[in-house]
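To convert a position in the sequence shown, counted from 1, into my numbering, add 89.
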Amino acid sequence: MMEENKDKCLDDEIKKRKQLSDEDARKLVMKLIKSDNIQTLQQMNKNERDNIIKELKKKDVSIRQLARITGLGRRIIEKA
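This is the structure we're talking about:
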């Protein structure tokens, strides 16, 4: 009566993603904005800023981590 299934647990997929350290994430942000000052991201126009945030999300930088290191609100990062 009990059939074996090949379902995968979603937790396994989530754990495979490697979280960047804050220092590595900062370096990545500075490289993408071409500046040594992360606050430059806050001063960019919306389209340019959102494109950089999208690129950072693709590179597995979490929303909370981005908010913490850039000073931008989580909602701004989520909407980007």
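Where a beta carbon is used, it is the ideal one built from N, C-alpha and C, also for glycine.
Quick one: is residue i buried, meaning 16 or more other Cβ sit within 10 Å of its Cβ, or exposed?
i, result
"arginine 138", "buried"
Of the residues the options, which one's Cα is nearest the Cα of residue i?
i, options, result
"isoleucine 122", "Asn140, Leu109 and Arg164", "Asn140"
"asparagine 134", "Asn94, Ile165, Leu155 and Asp111", "Ile165"
"lysine 146", "Lys107, Ser124 and Gln131", "Lys107"
"threonine 159", "Ser110, Ala114 and Asn94", "Ala114"
"glycine 162", "Ser124, Lys148 and Gln128", "Gln128"
"glutamine 131", "Ser151, Ala156 and Glu144", "Ala156"
Is there a C-beta anywhere in chain D that falls below 8 Å from the one on residue i?
i, result
"arginine 138", "No chain D is present in this structure, which holds just one protein chain."
My assumption, with CB atoms under 8 Å, is that residue i sits in contact with residue j. Please give the rounded CB distance.
i, j, result
"leucine 117", "lysine 148", "6 Å"
Can you give, in chain order, each stretch of the alpha helix (DSSP H) that sits fully within the segment 127-167 and has at least 4 residues? Restricting attention to alpha helix (DSSP H) runs no shorter than 4 residues, the segment 127-167 encloses them at 129-132, 135-147 and 152-159, ordered along the chain.
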